[in-house]
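Reading through the C-alpha cells given below for one structure.
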Amino acid sequence: MKEKSKKRSTTTTVTVTTTHTEREFYKIHHGFEVGEKVRLKDTDGLHPDNVPRLTIKPLAMFYGEGASLNEPDNGRDAEQLSLFDFSGDSQAVEAENPIAAYVVRQGTIKLTEYEPVEPPRFAEYLAYLLPKTHRESLLGDLVETYPKLKAKQGKWRAGFWAYAQVGMSMGSLWGQIIIRLIGIAWVSDMIRRFTR
Amino acid sequence: MVKKKKEFLGDLEEIILLAIVGLDGESYGVPIYEKVEEERESFTSLGAIYAALDRLEQKGFVSSRLGEATAERGGRAKKYFKIEGEGMRALDEAERVRQSMRRVKIGLQPLGGRA
Chain A
1 MKEKSKKRST
11 TTTVTVTTTH
21 TEREFYKIHH
31 GFEVGEKVRL
41 KDTDGLHPDN
51 VPRLTIKPLA
61 MFYGEGASLN
71 EPDNGRDAEQ
81 LSLFDFSGDS
91 QAVEAENPIA
101 AYVVRQGTIK
111 LTEYEPVEPP
121 RFAEYLAYLL
131 PKTHRESLLG
141 DLVETYPKLK
151 AKQGKWRAGF
161 WAYAQVGMSM
171 GSLWGQIIIR
181 LIGIAWVSDM
191 IRRFTR
Chain B
197 MVKKKKEFLG
207 DLEEIILLAI
217 VGLDGESYGV
227 PIYEKVEEER
237 ESFTSLGAIY
247 AALDRLEQKG
257 FVSSRLGEAT
267 AERGGRAKKY
277 FKIEGEGMRA
287 LDEAERVRQS
297 MRRVKIGLQP
307 LGGRA
C-alpha cells in the first residue's frame, strides 16, 4: 500500500505556504512559487470541483529517512484518503510542474519518490556572478544536466563538471562583454582625438 | 543596390547551427550543449555556447524566446533558439566554400560564387 501511495504522489502538485526564505528554497529547487495554486494531476475519476488544495510544509522538516508515512484510517487506501478527505472545500487551478515533496494536510503525510539532486551549492552561487543575460538559462541547464551526469559519472566528476562549467562560462560570457567595452573605449578615444 | 556584407560562421557557431537543425530547428541550452559536446568530443562550456548563440542572434541567424519553467530546472525557464532563413543560408554558404576549397586542393576549378 505504501508503494502505491509513493507512486501516486510523484504527480502531486501543491499550494505552498511558507516563509520568504523557504520561498526562495522552493523556487530554486522545486520550480514552484509560494502561493502558486496548483492541483493534483493524478485524479482519475474525481470531479474537478473536488480536487483538493494541499499545503506543503517546509521540506527540511520532513526530508530524509526519518519521515514517516501516516497510515490512513478507516481501512481505506492511502491515496484515496488523501484525495477524498480534502474534497470538500477546495478548487483546482492548473499548473504544469510536477512537484515532489511531502504533502501535509490534516496530519496525513504523503511521501514522494522524488529526491532532488542538485549541483554543488557553491557552484550555483558562483553562477550568480555570470552576466544577467544568460544567467538564469545557464543555471537551469546546470540544474538539469547535473543529475544525469551524477548518475552516469559519479558525484565527484559531476561536481567537477559543474565548477568547470561555471568557471569557463565566466570567461566566455564576461570575455565577450569586456571585448565590447574595449571596443567602445577605443572608438570613443578615436573620436576624442579626431575632434581635438 | 547595396550588397549585404557576408557574415561568416565560426567553428563553434557552425556546429551550434547544425545542432539546432538536427534538433528540428528549435531547441534550448541542454540539448544543444549535448549535441555540440558529442560532435566535438571535447569539453565545451555552456557559457561559450550562449556567447556563440548571442553572436548568431545578432547576425540574425537564430531567434530566441523564453520557454516554460520546469521543476527539473529548479523553476528556471528554458531559452529556446530557432534557426532562421539567414542561418540556413549561412550554413549552405559555409558548405559551398568548403567544397570549393576542397576542389582547389585536389586540383579542380573552384565552384562559382553565388550570384
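One line per chain: the protein sequences are A and B, in this order. Numbering-wise (the working numbering), the first sequence opens with residue 1 and increments by one. Numbering-wise (the working numbering), the second sequence opens with residue 197 and increments by one. Beta carbons: idealized from backbone N, C-alpha and C, even for Gly.
Anything in chain B within Cβ reach of A/Gln165, meaning under 7 angstroms, just list it in chain order. Ser241, Leu242
How many Å lie between B/Leu208 and A/Gly140 at the Cα? 22 angstroms
Alpha helix (DSSP H) runs contained entirely in the segment 202-275 of chain B, provided each spans 4 or more residues: 207-218, 225-236, 242-255
So if DSSP puts B/Ile279 in a beta bridge, which residue, or which two residues, is it bridged to? B/Val258
In the segment 249-273 of chain B, which residues sit with their C-beta less than 9 angstroms from some C-beta in chain A, listed in chain order? Leu249, Asp250, Arg251, Leu262, Glu264, Ala265, Thr266, Ala267, Glu268, Arg269, Gly270, Gly271, Arg272, Ala273
Residue nearest to A/Lys132 in terms of C-alpha spacing, selected from B/Arg299, B/Ala290, B/Gly243: B/Gly243
CA-to-CA distance, B/Val217 to A/Leu149, given in whole angstroms: 25 angstroms
What does A/Leu201 reach in chain B if we use C-beta pairs closer than 7 angstroms? Only positions 1 to 196 of chain A appear in this structure, which leaves residue 201 of chain A out of reach.
Cβ contact check for the segment 269-286 of chain B and the segment 249-261 of chain B: 3 or more pairs under 8 angstroms: yes
If you follow the alpha helix (DSSP H) that A/Ile154 is in, where does it begin and where does it stop? Looking at the sequence itself, residue 154 of chain A is Gly, so the reference to Ile does not match. Segment: none, A/Gly154 is in no alpha helix (DSSP H) and carries neither H nor E.
First through last residue of the alpha helix (DSSP H) which encompasses A/Arg121: 121-127
With C-beta atoms as the reference, is B/Val232 less than 9 angstroms away from B/Ala215? yes
Proximal residues of chain A, C-beta to C-beta of B/Phe247 below 9 angstroms: Position check: residue 247 of chain B holds Ala in this sequence, whereas Phe was assumed. Those are His134, Ser169, Ser172, Leu173, Gly175, Gln176, listed as they occur along chain A.
Am I right that B/Ile211 and B/Leu252 are in contact with their C-beta atoms under 8 angstroms? What's the rounded C-beta distance? Not quite, the Cβ-Cβ distance comes to about 11 angstroms (not below 8 angstroms), so this is no contact.
Measure the beta-carbon distance from A/Gln153 to B/Ser241 and round it to whole angstroms, keeping in mind my assumption that it falls under 8 angstroms. Their Cβ separation, rounded to whole angstroms, is 17 angstroms, which puts A/Gln153 and B/Ser241 out of contact at 8 angstroms.
For A/Arg76, which residues from the same chain have a beta carbon less than 7 angstroms from its beta carbon, with the 5 sequence-adjacent residues on both sides left out? Annotation note: pLDDT 32 at A/Arg76 (below 50); position unreliable, coordinate value reported separately. Here the set comprises nothing.
Leaving out the 5 sequence neighbours to the left and right, which residues in its chain are closer than 6 angstroms to B/Asp250 when beta-carbon positions are compared? none
Is it buried or exposed for A/Val187, if we count other Cβ within 10 angstroms and need 16 for buried? exposed
Does B/Arg269 pass the burial test, meaning 16 or more other C-beta atoms within 10 Å, or should it be called exposed? buried
Just the C-alpha distance for B/Asp288 and B/Leu304, rounded to the nearest angstrom, thanks. 21 angstroms
Am I right that B/Gly271 and B/Tyr224 are in contact with their C-beta atoms under 8 angstroms? What's the rounded C-beta distance? That belief does not hold up - the Cβ atoms of B/Gly271 and B/Tyr224 are roughly 15 angstroms apart, past 8 angstroms.
Does B/Gly225 come within less than 9 angstroms of chain A when only Cβ atoms are used? yes
Taking the C-alpha atoms as reference points, what is the distance between A/Ala151 and A/Ala123? 18 angstroms
Among the residues of its own chain, which have a CB less than 7 angstroms from the CB of A/Leu138, if the five just before and after it don't count? Ala127, Leu130, Ser169
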